[in-house]
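Working notes, structure below.
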Amino acid sequence: MDENDEFNVAEDIEVIYSDGEDEDEGDAIENMLDEFTIEENEDEIETEIIDESIITFSKHSKSVFCSDLGKDDQLAITGGEDDIAYLWNTSSAEVVLECTGHKDSVTDVAFNYDNQYLATADMSGMIQVWSVEQKKLVWCFEGDDMEWMSWHHKANVLFSGYEDGLLRLWNIKETHSEWSNTQNETITSIDINGDGTLGIVAPGAMMFKMSDGKIISTLLASGEKEIESGLFDNKLGIVATGSISGHLCVWDISKQILRHQAKIECAVTILKWGKDEKVFVGGSDGAIYVCDAKNGTLQRTLTGHRADILSISVFNDDTKILTTSDDGTAKIFKII
């Protein structure tokens, strides 16, 4: 496949319309019109969405912005617009720990590399770190309005990004900032490669060195001004990016060139790599598109959510995914 090839991304959702009337009742309805005034409201006719999920977590009262899974897949963490993060059991959906104390929407949650700690962060800049075993708060920092937060893959170090473009690296053992870098524009998300040497940020699509924050490339396709998400695949040596225009791009890291480009019929809200070169694409239509990044095909479309997909977390055994949405729910889907 050359770089001009496009993924065959055709929507696979069954749509069923119901107006509540059978054709053989037509004569009866016409006779009733003499006695009643019937007003039609097209907004009341909703598309029936088939829910393919196996578990739905509904404790959040508003949009669920973020999620993560523990190493053994038994625990999930979700955070939302209700200023709360919940640690819950993925088999029973029972709450294990309610992470309170936040002053704004919880927009990032994450387990650290060895599952010892769990971090929750809100839009006001508060970062809280919890002991998973002891189920208690062990570290807290309050700063400026924050856009995102992420753990280092191999150390108890946190990265945080701010509205003014500031990027900070935190050592929670010593409670100080190791280094900071100002990109002069808002950073909404970050991904770090497997050996912790490179990072990519959205919306600017800037790839940079983790050692000093130096920018080495900007990965934007022709006609694109920004991305919604960027993601490393360490095995293939590529980066996938998705944009609000619906474009999904695959980049060669070493050559920093575009390999493949695809388009879906809605905005890309989130990307996540799976096993065997699968990429899970969250859409503004509430569906999750399962694509093969290697041969450029759509393998499956998962439905159940009724609004934008805001996060995707892949189970470590690669059999299920955890998703969250603007509809106020978190769902678990089987993928194998």
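In this text, residue positions in the sequence shown follow this note's numbering: the first is 1, and each later residue adds one.
Note that beta-carbon positions come from the ideal geometry of N, C-alpha and C, so glycine has one too.
(1) With H, G and I counted as helix, E and B as strand and the rest as coil, what does DSSP make of D108?
(2) Consult DSSP for I312 and reduce its assignment to one of helix, strand or coil.
(3) Name, in chain order, the residues that DSSP records as bridge partners for G204.
(4) Drop a sphere of 10 angstroms on the beta-carbon of S150, count the other beta-carbons inside from all chains shown, and report buried for 16 or more, exposed for fewer.
(5) Whole angstroms are fine: how far does the CA of F111 sit from the CA of Y117?
(6) With C-beta atoms as the reference, is T338 less than 8 Å away from M126?
(7) Using CA coordinates, which residue listed in I257, D82, T47, I54 is at the minimum distance from S63?
(8) Figure out for me which residue from Q256, I238, I187, G213 has the closest Cα to the Cα of I227.
(9) Output the distance between the C-alpha atoms of N171 and G282, rounded to the nearest integer angstrom.
(10) From R300, I253, I270, G199, pick the residue whose C-alpha is nearest to that of G161; which is it?
(11) Name the residue from S61, G237, H152, C99 whose alpha carbon lies nearest to the alpha carbon of Q134.
(12) Just the Cα atoms here: how many angstroms apart are S53 and V157?
(13) Measuring CB atoms only, is the region 283-291 touching the region 223-239, in the sense that at least three cross pairs come out at less than 8 Å?
(14) Any idea if S325 is buried or exposed, counting beta-carbon neighbours within 10 angstroms, 16 or more meaning buried?
(15) Determine the DSSP secondary structure at M146, reduced to helix, strand or coil.
(16) How far does the beta strand (DSSP E) with C266 in it extend, from its first residue to its last?
(17) According to the neighbour-count rule (16 or more other Cβ atoms, all chains shown, within 10 Å of its Cβ), is V95 buried or exposed?
(18) From what residue to what residue does the beta strand (DSSP E) around E98 run?
(19) Between the alpha carbons of D195 and S61, how many angstroms are there, rounded?
(20) Could you check the C-alpha separation between Y113 and I77 for me, to the nearest Å?
(21) Measuring CB to CB, does G165 end up less than 8 Å from D191?
(22) Going by DSSP, what residue range makes up the beta strand (DSSP E) through H247?
(23) Based on the DSSP output, what are the partners of I190 in its beta bridges?
(24) Determine which residues share a DSSP beta bridge with K136 and list them.
(25) Suppose you measure from the CA of T47 to the CA of K263; what does that come to, to the nearest Å?
Well, looking at it:
(1) Residue numbering aside, residue 108 sits at position 108 when the sequence shown is read from its first letter. Strand at D108.
(2) Working through the sequence shown from its first residue, we reach residue 312 at position 312. I312: strand per DSSP, three-state reduction.
(3) Position 204 of the sequence shown, counting from 1, holds the residue named residue 204. Residue pairing of G204 in beta bridges, as defined by DSSP: absent, with no partner found.
(4) On the sequence shown, residue 150 is found 150 positions in, with the first residue counted as 1. S150 is buried by the Cβ-count criterion.
(5) Position 117 of the sequence shown, counted from the first residue, corresponds to residue 117. Position 111 of the sequence shown, counted from the first residue, corresponds to residue 111. So the two alpha carbons sit approximately 6 Å from each other.
(6) Residue 338 is absent from the model: the chain starts at 1 and stops at 336.
(7) Translated into positions along the sequence shown, residue 63 becomes position 63. Ranking the options by Cα distance to S63, first place goes to D82.
(8) As a first step, residue 227 must be located in the sequence shown, where it is residue number 227. The candidate whose alpha carbon is nearest that of I227 is I187.
(9) For the purposes of this step, residue 171 is identified with residue 171 of the sequence shown, where counting begins at 1. For the purposes of this step, residue 282 is identified with residue 282 of the sequence shown, where counting begins at 1. Note on geometry: alpha-carbon atoms of N171 and G282 lie some 32 Å from one another.
(10) The sequence position of residue 161 within the sequence shown is 161, counting from 1. The shortest Cα separation from G161 among R300, I253, I270, G199 belongs to G199.
(11) Along the sequence shown, read from residue 1 onward, the residue named residue 134 stands at position 134. The option with the nearest alpha carbon to Q134 is C99.
(12) Within the sequence shown, numbered from 1, the residue matching residue 53 stands at position 53. Within the sequence shown, numbered from 1, the residue matching residue 157 stands at position 157. Cα-Cα distance, rounded: 34 Å.
(13) no
(14) Taking the first residue of the sequence shown as 1, we reach residue 325 at position 325. It counts as buried.
(15) Translated into positions along the sequence shown, residue 146 becomes position 146. Strand at M146.
(16) By one-based count along the sequence shown, residue 266 stands at place 266. Here C266 belongs to no beta strand (DSSP E), and DSSP marks it neither H nor E.
(17) Here residue 95 is taken as the residue at index 95 of the sequence shown, counted from 1. The residue in question, V95, is exposed, as its Cβ has fewer than 16 Cβ neighbours within 10 Å.
(18) Working through the sequence shown from its first residue, we reach residue 98 at position 98. Note, E98: beta strand (DSSP E), 95-99.
(19) The count along the sequence shown starts at 1 and reaches residue 195 at position 195. The count along the sequence shown starts at 1 and reaches residue 61 at position 61. Taking the straight line from one Cα to the other gives about 38 Å.
(20) Walking along the sequence shown from the start, residue 113 turns up at place 113. Walking along the sequence shown from the start, residue 77 turns up at place 77. Roughly 15 Å separates the two Cα atoms.
(21) Position 165 of the sequence shown, counted from the start, is the residue given in the question as residue 165. Position 191 of the sequence shown, counted from the start, is the residue given in the question as residue 191. The answer is no: Cβ separation not under 8 Å.
(22) Position 247 of the sequence shown, counted from the start, is the residue given in the question as residue 247. It spans 247-252 - the beta strand (DSSP E) in which H247 sits, taken as one unbroken run.
(23) Here residue 190 is taken as the residue at index 190 of the sequence shown, counted from 1. In the DSSP output, where bridge partners are listed per residue, I190 has V201.
(24) If you number the sequence shown from 1, residue 136 lands on position 136. S131, per the DSSP bridge assignment.
(25) Position 47 of the sequence shown holds residue 47. Position 263 of the sequence shown holds residue 263. For T47 and K263, the distance between alpha carbons rounds to 23 Å.
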